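In what follows, a single structure is set out as structure tokens and then discussed.
In my numbering, the protein residues as written are -17 to 243.
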């Protein structure tokens, strides 16, 4: 299998791989084993929601047919070996291609992506980040800070994420140019997608993000891509970035169909 980083491949005994995956999924602070498959329910509820939006003339026939799901494939998890870290842990990757929420996720991405532009707290790639900090002079009494997060996607407070997104949509005068859905419709659909984060491994069904539903993240961050000018302002900068991070993280969570998470 391809390693998590380094553009190389890792040869691993299948039993060792399964042991690592089982150890990962047995973390009940992050994952929960589900006794009954939810995928038919998800597909049925999604189609009912889409039918309502179509009847209200908020989505057209072609969009309805594109987003409607039939005989969907359940999302599946796999692990990518972190060969650069001690113990060679796994990075969990969930493929949602072909799942019931695949196209709806991409539909929401197109609506919400413009909200990220110009927020002042994010960059599109590492090259842009290098350009941003190239001319910053760090004085003797200043420092550059970088934050790292553990279990990024499963540590996102979903409720806070879509509350923040709703506040951004309420101030977005261009929303009507991208969709006929109003803010309530978008948030309702987004909440439905984020609340149905299920996947399969070895014929067992799990849900991720238990932490999201019952806790607050506090101080876990990954790659904030900010350079606070002074150490005394760094915490304030991190707090300001939390709001932007909530949106960025949630965007990646519901963008199930756009890429492998």
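Using N, Cα and C, we set each Cβ at its ideal position, and we do this for glycine too. Every value quoted in this text rests on a predicted model; they were computed, and no experiment measured them.
In the DSSP secondary-structure assignment, residue -16 is bridged to -9. For residue 54, the closest C-alpha among the options 62, 65, 31 and 21 is that of 21. The bridge partners DSSP lists for residue 187 are 16 and 182. Straight-line measurement puts the Cα of residue 57 at about 11 angstroms from the Cα of residue 178. DSSP places residue 74 in the strand class (E or B) of the three-state scheme. Remark: C-beta atoms of residue 15 and residue 61 do not approach each other more closely than 8 angstroms. Inter-segment contact for the segment 112 to 132 and the segment 72 to 82 is absent: fewer than three beta-carbon pairs are separated by less than 8 angstroms.
At the C-beta level, residue 107 and residue 144 stay beyond 8 angstroms of one another. Collapsing the DSSP output to three states places residue 116 in coil. Look at residue 55 here: in three-state DSSP terms it is coil, with no helix or strand label. In the displayed model, residue 23 falls within a helix according to three-state DSSP. In this structure, DSSP gives residue 138 a state outside helix and strand, which the three-state scheme calls coil.
Non-local C-beta neighbours of residue 89 in its own chain, meaning closer than 7 angstroms and more than five positions away in sequence, comprise 49, ordered along the chain.
Between residue 149 and residue 96, the CB-CB gap reaches or exceeds 8 angstroms. If you compare the alpha carbons of 171, -15 and -10 with that of residue 94, the shortest gap goes to 171. Under the three-state reduction of DSSP output, residue 95 falls in the helix class. In the displayed model, residue 160 falls within a helix according to three-state DSSP.
Annotation for residue 3: the continuous alpha helix (DSSP H) segment containing it runs -4 to 7. Residue -15 and residue 69 have their C-alpha atoms spaced approximately 14 angstroms apart. In this structure residue 63 is in contact with residue -17, their Cβ atoms being roughly 7 angstroms apart against a cut-off of 8 angstroms. For residue 41, the three-state secondary structure derived from DSSP is coil.
A check of alpha carbon separations from residue -11 across 127, 66, 105 and 154 identifies 66 as the nearest. Residue -9 is classed as exposed because its beta carbon has fewer than 16 other beta carbons within 10 Å across all chains shown. For residue 59, same chain residues with a beta-carbon under 6 angstroms away, outside a window of 5 residues either side, are 74, 76, 181 and 183 in chain order. Within 10 angstroms of the beta-carbon of residue -4 lie fewer than 16 other beta-carbons, which makes it exposed.
By the criterion of a C-beta distance shorter than 7 angstroms, residue 51 is surrounded in its chain by 25, 28, 29 and 82, once the five residues flanking it on both sides are discounted.
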